[in-house]
Amino acid sequence: AQTVTQSQPEMSVQEAETVTLSCTYDTSENNYYLFWYKQPPSRQMILVIRQEAYKQQNATENRFSVNFQKAAKSFSLKISDSQLGDTAMYFCAFMKPRPIQGAQKLVFGQGTRLTINP
Amino acid sequence: DTAVSQTPKYLVTQMGNDKSIKCEQNLGHDTMYWYKQDSKKFLKIMFSYNNKELIINETVPNRFSPKSPDKAHLNLHINSLELGDSAVYFCASSPQPYRTGFGYTFGSGTRLTVV
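Chains A and B, in that order, give the protein sequences. For the first sequence, our numbering assigns the number 22 to the initial residue and increments by one for each residue that follows. For the second sequence, our numbering assigns the number 637 to the initial residue and increments by one for each residue that follows.
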């Protein structure tokens, strides 16, 4: 079974700083998908960024980028120029490449609570 | 215009009661899910339906029964509620079969408190 580990329960940085959230995972699959989701105090789960394992290039979305190290099974999220609105729980998640009769299970890490201070 | 909508957003009820949470998506997705987020914020899948058919049923007590009247709706009924059922329940949907790996669209969650 796949497992996802986020080793940083909490992090705190000053506004405008850069912060990196760690994620490691365990799988025997060669191809898969990785995600970072953000959950602000509003509770809504918001997709931040997505990476396909067969792509060498790291995904980027504006101020958000990932460092995907396939051999090390590591998938960290970097937030540049952090803003107060980035304060949230961040979840790393893993998905197998092949759906089971159309359903694809997302396996989540424990989450990292990120606080951006003014 | 909400893509995945859940009702109610908050639910407070006594032990032993039966309650339902409703979920509807207007994205045209074929697959819908229920996830439970516990007090430590851990998210775990409970069920998945594809076009009204149950596909994934994780180790969930029989008191939890999902129902999908059509592919746009997935409701969760819980019998004989227990204190340990207190959690946030998320509904989600995803497109399939050819658009794999695009993640889910989540509803805003239902916070269930059993007293």
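C-beta: ideal position from N, C-alpha, C; glycine also.
query                                                                                                                : result
Proximity of Leu717 of chain B and Lys655 of chain B at Cβ, strictly below 8 Å                                       : yes
Buried versus exposed call for Ser675 of chain B [16 or more other C-beta atoms within 10 Å across all chains shown] : exposed
Separation of Leu748 of chain B from Pro753 of chain B, as counted between CA atoms                                  : With chain B covering 637 to 751 only, the question about residue 753 of chain B has no answer from this structure.
Contact under 8 Å by Cβ, Ala74 of chain A with Tyr53 of chain A                                                      : yes
Under 9 Å from the C-beta of Ile714 of chain B: neighbouring residues of chain A                                     : The premise fails here: Ile714 of chain B is roughly 19 Å from chain A at the closest Cβ pair, so nothing lies under 9 Å.
Lys59 of chain A: first and last residue of the uninterrupted beta strand (DSSP E) it sits in                        : Tyr54 to Gln60
Beta-carbon separation (whole angstroms), Val34 of chain A vs Ile137 of chain A, contact threshold 8 Å               : 6 Å
Neighbourhood of Asn693 of chain B by C-beta, 7 Å cutoff - its chain only, sequence neighbours within 5 removed      : Phe683
Gln642 of chain B burial status per 10 Å Cβ neighbour count (16 or more: buried)                                     : buried
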